[in-house]
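Chemist: All the letters of the sequence shown, read from the start, carry residue numbers 33 to 265 under the numbering used here.
The beta carbon of each residue, even a glycine, is placed where N, CA and C say it ideally should be.
Below are the structure tokens for one structure; questions will follow.
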Amino acid sequence: MTKPLVTILDDEPEIRRMLADALQEAGYRTASFARATEFEASLKTSSPDVCLVDLGLPDKDGLALVHRLALESGASIIIISGRAQVQDRITGLELGADDYIIKPFDPSEVVARVRARMRSTKPVGRVSETAHFSGWIAQFDSYVLRDKDGVETPFSHAEGEVLRMFLNSPKRLISRAQMQENLGGAAGESFDRAMDVRISRLRTKLREDPKNPQLIKTIYGAGYIFLGDVTWD
């Protein structure tokens, strides 16, 4: 079986070496890049499972790259950055990152976060990539939502993980603890904020009334319930 591929995009050679050594020792293949243009060129011939992306890149805006990856790639995205402000983390998660690690870090923490992302992307109990619910079609192979008129709306990898979790467990309460267990990532304020952002974005794409959503209901103090009837092809 081919080992999972983790790409490392960081302009600091020592960080690239440190991460590559730790990940290879943990059983992953790695590919390292100092510039965004080199990394983007590699995507034409390879499909990484996880992308580690520094925001302070010499040739392109790191946040813009993260957003494009979230929309166009099936890879999980973990930001690794020296930007430690809460707003920086929120922005990264809002643009589609799955996780955010602040420099300096322990390489073992990065390996643990990568493992969590790999666990969360394994399909559980479903082989189908197409779900039907409440006049919508969700296609997980192409990351697209289609309404009853055929209008398509793309969703990110991170949003797709949350949507698939809801569609696999309709009309059942899903707690924050269950979401953390199913989706990986470190429990805490950052994870909770990431979930809030993804659910808000999904509601917008499903044209929900933010004051009275009909599909993804918040049960305050408990979690969320997806209320639609779901069938899978």
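From Lys343 to Gly167, what distance separates their C-alpha atoms?
Modeler: Since the first and last residues shown for the chain are 33 and 265, residue 343 lies out of range.
Chemist: Count the other C-beta atoms from every protein chain shown that fall within 10 angstroms of the C-beta of Glu46, then say buried if there are 16 or more, exposed otherwise.
Modeler: Exposed, by the Cβ-count rule.
Chemist: What are the start and end residues of the alpha helix (DSSP H) that includes Ser74?
Modeler: First-last of the alpha helix (DSSP H) with Ser74: Ala68 to Ser74.
Chemist: Are Leu87 and Leu95 closer than 8 Å when you measure CB to CB?
Modeler: Yes. Within cutoff.
Chemist: What residue range does the beta strand (DSSP E) around Pro186 cover?
Modeler: It spans Glu184 to Pro186 - the beta strand (DSSP E) in which Pro186 sits, taken as one unbroken run.
Chemist: Identify the residues that DSSP records as bridge partners of Gln246: which are they?
Modeler: In the DSSP output, where bridge partners are listed per residue, Gln246 has none listed.
Chemist: What residue does the alpha helix (DSSP H) around Gly124 start on, and which one ends it?
Modeler: It spans Val118 to Glu126 - the alpha helix (DSSP H) in which Gly124 sits, taken as one unbroken run.
Chemist: What does DSSP give as the partner residues of Tyr256 in its beta bridges?
Modeler: Looking at the DSSP assignment, Tyr256 forms a beta bridge with Ile206 and Thr250.
Chemist: Skipping 5 residues on each side, what residues in its chain have a beta carbon closer than 8 Å to that of Thr263?
Modeler: Only Ala163, His164 and Phe165 meet the Cβ criterion.
Chemist: Just reading off the alpha helix (DSSP H) that Asp131 is part of, what are its end residues?
Modeler: Premise fails: Asp131 lies in the beta strand (DSSP E), Asp131 to Ile134, not in any alpha helix (DSSP H).
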